[in-house]
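Numbering (the UniProt record's numbering), first residue to last: 1 to 104. Don't be surprised by glycine CBs; every beta carbon is placed ideally from N, CA and C. Source: prediction; values computed, not measured. Structure first, then comments.
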């Protein structure tokens, strides 16, 4: 059963461009992790909304291994300043029960 982690990140408007640029320039190490399926960065439509960083994993163990890896530490070593973020946010963890896609 696929495992999905949603990281809800409340980024203040003046830091949004830098937040997105950091993901665009990321080293891509997560892509090489065993059990990694895909990542999506969802931009809020409203000014007061939060970004949602979705990572899809083959299972919970694959995500936990990523969280303990040197690559994870390197990816999170140089964060934006604390004032870039609003209140709230956090990790949500889910198992995929139903998934539907248009065939390609």
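For this session: Sort out for me which residues DSSP pairs residue 6 with in a bridge.
Result: 54, 92
For this session: Determine, using beta carbons only, whether residue 39 comes closer than 9 Å to chain C.
Result: No chain C appears in the structure shown, which is made up of a single protein chain.
For this session: Have a look at residue 36 and residue 30 and give me their C-alpha separation to the nearest angstrom.
Result: 7 Å
Exercise. What's the C-alpha gap between residue 97 and residue 67?
Worked result: A direct Cα-to-Cα measurement between residue 97 and residue 67 gives close to 23 Å.
Exercise. Beta-carbon separation of residue 9 and residue 19 under 9 Å?
Worked result: yes
For this session: Name the one or two DSSP bridge partners that residue 11 has.
Result: 85
For this session: Just mark residue 132 as buried or exposed, buried being the case when its beta carbon has 16 or more other beta carbons within 10 Å.
Result: Not covered by the structure: residue 132. The range shown for the chain is 1 to 104.
Problem set entry | Three-state class that DSSP yields for residue 97 in the structure shown | coil
Problem set entry | With 16 other Cβ atoms within 10 Å as the buried cut-off, status of residue 11 | buried
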